[in-house]
Amino acid sequence: MTRFSKYLPLMFVLALAIALSSNGLALAQAQPQFISAYQDGDLPVADPLSAAWDSVPVYTASVTPQSAIKPTLFQATISSIDVQSLNNGKDIVFRLVWTDETQDLHATKPDEFRDAAALQFSVQDLDAEQTQKILCMGAAGQLTNLWHWKADWQYDVDEGFFDVVDAYPNFWLDHYPFVVGEPPFRLPTDFNSDSAKRYLIGWSAGNPLSDPARVTPVEDLNAYGFGTVTSQANQDLLGRGVWQDGKWYVVFSRSLTDNDAADIQFTTDRSFSIAFAAWDGSDQQVGARKQLSTWTTMLLETKEGIAGPAKKILGLPIGAAIAVGVVVVLVILGGVLLVMRRRKAA
Amino acid sequence: MPKVYNWQIGREMDYPYEAAYPEKQFGAVFDINKCIACQTCTLACKNAWTSGRGQEHMFFNNVETKPYGSYPLGWDVRLLEQLGGQSWSGGVYTGKTVFEAAPAGRAALGFLPEDEDWAHPNHGEDEVAGTIDTGAYFTLPHPVWMFYLQRICNHCSYPACLASCPRKAIYKREEDGIVLIDQTRCRGYRECARSCPFKKVLYNTVTRVSEKCIACYPLVEQGRQTYCTLSCIGRIRINGWVNFPDKAVLDSPVDFLVHGRKVALPLYPQFGLNVNIYYIPPIHVPSEFLLQMFGPGVPNAIDTYKRVKDDPELLGVLLLMGSTDKWIEKFRVKEGFAYGYDAKGDEVSRVPLKEPIYIRPDFNAATGAFLHNTP
Ligand code: SF4
Ligand code: SF4
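Protein chains in written order, with the working numbering: chain A, 28 to 373; chain B, 2 to 376.
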């Protein structure tokens, strides 16, 4: 027997091991996984600065300027978003943290834009390859669910509607059609009749952007392709954003499942495609002028451990793949040993 | 990028969408020579459409004094500067339109006016172009001049506002070519406000979405002219359907002025929007300024206009301006009168080409009073 053939079985086992592990490595790279951690009891749904977040693993999503459709963003002012998530088997909460030196709270003046951030989910359970194909914002028949937080909405919810008299303190106008009350007047109270609303067209048309009596800073939306973002009839989200020391801390939350077919349902039998975006108001970023991430796979942790679809290697569930691999190795090894023993005997 | 034909620049040009034309196109002619800048149009429009909270700075119609006036501040000079040199060869524009000059990642060249730019609607009002030297006297054109420019949305055939909205929230109506913003779909991105060269999309500071001139469509639908037209003190305006030259209907007043006599010209045709509001240029203004603003048709337009007394048809249409609140579909001039007809062919207006002259005695014997024009 040659020296080479002596090591043949060992080399074979090694090659198989490398093949298996490198295949696993490749899978891991294509799907960097983000886990929504399980935590018993109440979740920090209203407090983006809660100490409860300190122990939650952070997934850092890099974001780049949107360049697929016009108008594009030329240069990023935000490069990454730190994302965390918790669920308690009933509700789920996400926290997005990113650096933004300027706090842009309003979209009132004609040249003023607010900071914002969004989460995006593919509503259908698509595999990683299918998800990458739909790029961002979904496609015909492939619905995405967007959770969009806006700094101006946050201000309105926290401090009351930011009106023209707040943006321009010396402003005075003594009459509006069908207004009640006294100048300088306040929205929505002094303009709440149907006749007065008719002069606030966006509001009377039911545009959620134009509602001066808003109660949440987060909008629940759908999209099925570029330019199709549409506010949902059912608004199911809670959220809150706080700016501190050059960073935005924003939480988004919802029940894990609800009865809205247009919403993402966080069930334990699947993984989730999730993406992130942020807008910097002082750079006049709005709409397509944004920084966004690629899709990431998210898994849900439950009381019992990480949930999700069974993992597969070469089309077989992981357990079966390993068993097959071991059997193959043993058979080959056995065969080789048998041959070697026979030769020795001969 | 698709190519579309823009007759106002005499050539094809790039536009983000394929050409699609409405059944009819809303249009108007404004005779600059007759405007007195009373702003009645501006207030009629404001009362009708922009008297709400959040619309304080909005004028769908404004009248500014040229050369120094502009609302928002510098809307035209800033874009002209961005566009660089603009040259014509014969009737063909050889420079770039706002679509052809669009920076990478943009639908059109443009800028978003700053907050303060909306704060001075009467900036430059009644200011003349230069100083008047001792001993100066008037010649035609005037050595020192100014004129009023009346501005509404042009309801363009190739709107830049529509082209740049990533949400397709802006649409051009099939029935009349009026360009509108869907108030339920607009999300206040202001891409339209950035791209409209005329800055006729305005952001509502309360509803946080954009709004624009609606061409008084509820009136147009009833066969009436717009508020700015019917309220005009100087009777400088007329509304009508306007067609491309190959489809011109020459007994329709706007087509007659634009294509028949060619006295009414597009505003900044070089921007490339194929606008639908036309201007009779002021005859007293030096041609360099007018050529830049209204294109190469200026000398012919002024020449034709000056000879109006020998042109009863042209005179007739000019006199029909402001004579009725009804939409004039067709006109006719015969036996010293100009007639306007509606879509059914019914007469809606009749004006004499020459005002009858009455001579009265300067002394009223019954009252024993002298009748003078001066006190
Ligand atoms: S003038 Fe401006 S707002 Fe009006 S249709 Fe043209 S591009 Fe749009
Ligand atoms: S109402 Fe007529 S005359 Fe008066 S400013 Fe307007 S366009 Fe000019």
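From the three backbone atoms N, C-alpha and C, an ideal C-beta is built for every residue, glycine too. Note that the structure is a prediction, hence the values are computed from the model and not measured.
Quiz item: Within the 9 Å Cβ cut-off, does A:L54 reach chain B?
Solution: Working through the first sequence from its first residue, we reach residue 54 of chain A at position 27. For A:L54, the predicted structure reports a pLDDT of 38, less than 50, and the residue's modelled location is therefore unreliable. The matter cannot be settled from this model.
Quiz item: Should B:M2 be labelled buried (16 or more other beta-carbon atoms within 10 Å of its own) or exposed?
Solution: Walking along the second sequence from the start, residue 2 of chain B turns up at place 1. Flag for B:M2 reads exposed.
Quiz item: For the candidate residues B:S211, B:G235, B:G178, whose alpha-carbon lies nearest to that of B:E1?
Solution: With chain B represented from 2 up to 376, any question about residue 1 of chain B goes unanswered, as that position is not in the structure.
Practice problem: Return the residues of the region 188 to 209 of chain B that lie within a Cβ-Cβ distance of less than 8 Å from chain A, sorted by chain order. | Solution: R188, G189, Y190, R191, E192, A194, L203, Y204, N205, T206, V207, T208, R209
Self-check item: Rounded Cβ spacing between B:N155 and B:V276 (contact assumed at less than 8 Å)
Solution: To locate residue 155 of chain B, count along the second sequence from 1; it is residue 154. To locate residue 276 of chain B, count along the second sequence from 1; it is residue 275. Rounded, the Cβ-Cβ distance is 4 Å, consistent with contact.
Quiz item: At a CB-CB cut-off below 9 Å, which residues of chain B make contact with A:Y203?
Solution: Working through the first sequence from its first residue, we reach residue 203 of chain A at position 176. Within chain B, the residues near A:Y203 are S52, G53, R54.
Quiz item: What do you get for A:Q271, buried or exposed, if any count of 16 or more other CB atoms within 10 angstroms of its CB means buried?
Solution: As a working note, residue 271 of chain A is residue 244 in the first sequence. Exposed.
Quiz item: Which class does B:T95 belong to by DSSP, given the choice of helix, strand or coil?
Solution: Position 94 of the second sequence, counted from the start, is the residue given in the question as residue 95 of chain B. Of the three classes helix, strand and coil, the one that applies to B:T95 here is coil, per DSSP.
Quiz prompt | is_contact[A:W125, chain B] using C-beta, thresh 9 Å | solution = Taking the first residue of the first sequence as position 1, residue 125 of chain A is located at position 98. No, A:W125 does not count as interfacial toward chain B.
Quiz item: Is A:W275 helix, strand or coil when you go by DSSP?
Solution: In the first sequence, counting from the first residue as 1, residue 275 of chain A sits at position 248. In this structure, A:W275 counts as strand in the three-state DSSP scheme.
Quiz item: For the alpha helix (DSSP H) that B:Y228 lies in, which residues bound it at each end?
Solution: Taking the first residue of the second sequence as position 1, residue 228 of chain B is located at position 227. Per DSSP, B:Y228 belongs to the alpha helix (DSSP H) from 228 to 231.
Quiz item: Does A:E331 get closer than 9 Å to chain B when you measure Cβ to Cβ?
Solution: For the purposes of this step, residue 331 of chain A is taken as the residue at position 304 of the first sequence. No, because no Cβ of chain B sits closer than 9 Å to the Cβ of A:E331.
Quiz item: In terms of residues, what are the limits of the alpha helix (DSSP H) holding A:A115?
Solution: Here residue 115 of chain A refers to the residue found at position 88 of the first sequence. Inspection of the sequence shows that residue 115 of chain A is occupied by Asn rather than by Ala. Here A:N115 belongs to no alpha helix (DSSP H), and DSSP marks it neither H nor E.
Quiz prompt | Pairwise C-alpha distance: B:I303 and B:L80 | solution = Along the second sequence, read from residue 1 onward, the residue named residue 80 of chain B stands at position 79. Along the second sequence, read from residue 1 onward, the residue named residue 303 of chain B stands at position 302. C-alpha separation (whole angstroms): 26 Å.
Self-check item: Those runs of the alpha helix (DSSP H) which lie wholly inside the region 20 to 51 of chain B and span at least 4 residues
Solution: 41 to 50
Quiz item: Are A:F61 and A:S112 close, meaning C-beta to C-beta below 9 Å?
Solution: Your numbering for residue 61 of chain A matches position 34 in the first sequence. Your numbering for residue 112 of chain A matches position 85 in the first sequence. Their beta carbons are under 9 Å apart, which means A:F61 touches A:S112 by this criterion.
Practice problem: Taking the CB atoms as reference points, tell me whether A:D81 and A:T135 lie closer together than 9 Å. | Solution: Position 54 of the first sequence, counted from the start, is the residue given in the question as residue 81 of chain A. Position 108 of the first sequence, counted from the start, is the residue given in the question as residue 135 of chain A. Cβ distance not < 9 Å, so A:D81 and A:T135 don't count as in contact.
Exercise. Tell me, to the nearest whole angstrom, how far the beta carbon of A:T284 is from that of A:T295; I am working on the premise that it is less than 8 Å.
Key: The residue you call residue 284 of chain A lines up with position 257 of the first sequence. The residue you call residue 295 of chain A lines up with position 268 of the first sequence. Between A:T295 and A:T284 the Cβ distance is about 10 Å, and since that is not below 8 Å, they are no contact.
Quiz prompt | Cβ contact check for the region 108 to 117 of chain B and the region 31 to 47 of chain B: 3 or more pairs under 8 Å | solution = Short answer: they don't touch.
Quiz item: In its own chain, which residues sit with a C-beta less than 8 Å from the C-beta of A:L365, not counting the 5 before and 5 after it?
Solution: Here residue 365 of chain A is taken as the residue at index 338 of the first sequence, counted from 1. Correct list: empty, nothing qualifies.
Practice problem: Any chance you could list the residues with Cβ under 6 Å from a heavy atom of ligand 1, keeping chain order? | Solution: B:C154, B:N155, B:H156, B:C157, B:P160, B:A161, B:C162, B:V180, B:C197, B:F199, B:K201, B:V202, B:K213, B:L274
Exercise. Give the residues of chain B in contact with A:Y226, contact being defined as C-beta atoms less than 8 Å apart.
Key: Taking the first sequence and counting its residues from 1, one reaches residue 226 of chain A at position 199. Those are S52, G53, R54, Q56, listed as they occur along chain B.
Quiz item: Residues bridged to A:S222 by DSSP?
Solution: Counted from its first residue, the first sequence places residue 222 of chain A at position 195. A:S222 pairs with nothing; no bridge assigned.
Quiz item: If you draw a straight line from the alpha carbon of A:A372 to that of A:V363, how long is it in whole angstroms?
Solution: Start at 1 with the first residue of the first sequence, and residue 372 of chain A comes out as number 345. Start at 1 with the first residue of the first sequence, and residue 363 of chain A comes out as number 336. So the two alpha carbons sit approximately 14 Å from each other.
Quiz item: Just how far apart, CA to CA, sit A:F253 and A:A95?
Solution: For the purposes of this step, residue 253 of chain A is taken as the residue at position 226 of the first sequence. For the purposes of this step, residue 95 of chain A is taken as the residue at position 68 of the first sequence. The alpha-carbon atoms of A:F253 and A:A95 are separated by roughly 9 Å.
Self-check item: Buried/exposed call for A:A53, threshold 16 Cβ in 10 Å
Solution: If you number the first sequence from 1, residue 53 of chain A lands on position 26. Note that A:A53 has pLDDT 35, beneath the 50 cutoff, so the model's placement of it is unreliable and no number is given.
Exercise. Report the residue from B:L354, B:T325, B:V349 whose alpha carbon sits nearest the alpha carbon of B:G337.
Key: Residue numbering aside, residue 337 of chain B sits at position 336 when the second sequence is read from its first letter. B:G337 has its Cα closest to that of B:L354, out of B:L354, B:T325, B:V349.
Quiz item: Between A:V256 and A:L248, what straight-line distance do the alpha-carbon atoms span, to the nearest angstrom?
Solution: Position 229 of the first sequence, counted from the start, is the residue given in the question as residue 256 of chain A. Position 221 of the first sequence, counted from the start, is the residue given in the question as residue 248 of chain A. Distance between the alpha carbons of A:V256 and A:L248: 7 Å.
Quiz item: With 16 other CB atoms within 10 Å as the buried threshold, where does A:G332 fall?
Solution: Start at 1 with the first residue of the first sequence, and residue 332 of chain A comes out as number 305. Flag for A:G332 reads exposed.
Self-check item: Any non-hydrogen atom of ligand 2 closer than 8 Å to A:C135 Cβ
Solution: To locate residue 135 of chain A, count along the first sequence from 1; it is residue 108. Just to set this straight, residue 135 of chain A is Thr in the shown sequence, not Cys. For ligand 2, not one heavy atom lies less than 8 Å from the Cβ of A:T135.
Quiz prompt | Any 3 or more C-beta pairs closer than 8 Å across the region 286 to 304 of chain B and the region 177 to 196 of chain B | solution = no
Practice problem: May I ask whether a heavy atom of ligand 2 can be found less than 8 Å away from the beta carbon of B:G235? | Solution: Along the second sequence, read from residue 1 onward, the residue named residue 235 of chain B stands at position 234. Checking the Cβ of B:G235 against ligand 2 gives yes.
Quiz item: Per DSSP, what kind of secondary structure is B:G261 in: helix, strand or coil?
Solution: For the purposes of this step, residue 261 of chain B is identified with residue 260 of the second sequence, where counting begins at 1. It is helical.
Quiz item: Taking 9 Å as the CB-CB cut-off, is A:I96 touching chain B?
Solution: Taking the first residue of the first sequence as 1, we reach residue 96 of chain A at position 69. Chain B contact via Cβ: present.
Practice problem: For A:S49, name the three-state secondary structure that DSSP assigns. | Solution: Here the question's residue 49 of chain A lines up with position 22 in the first sequence. Model confidence at A:S49 stands at a pLDDT of 40, short of 50, so the residue's coordinates are unreliable and nothing is read from them.
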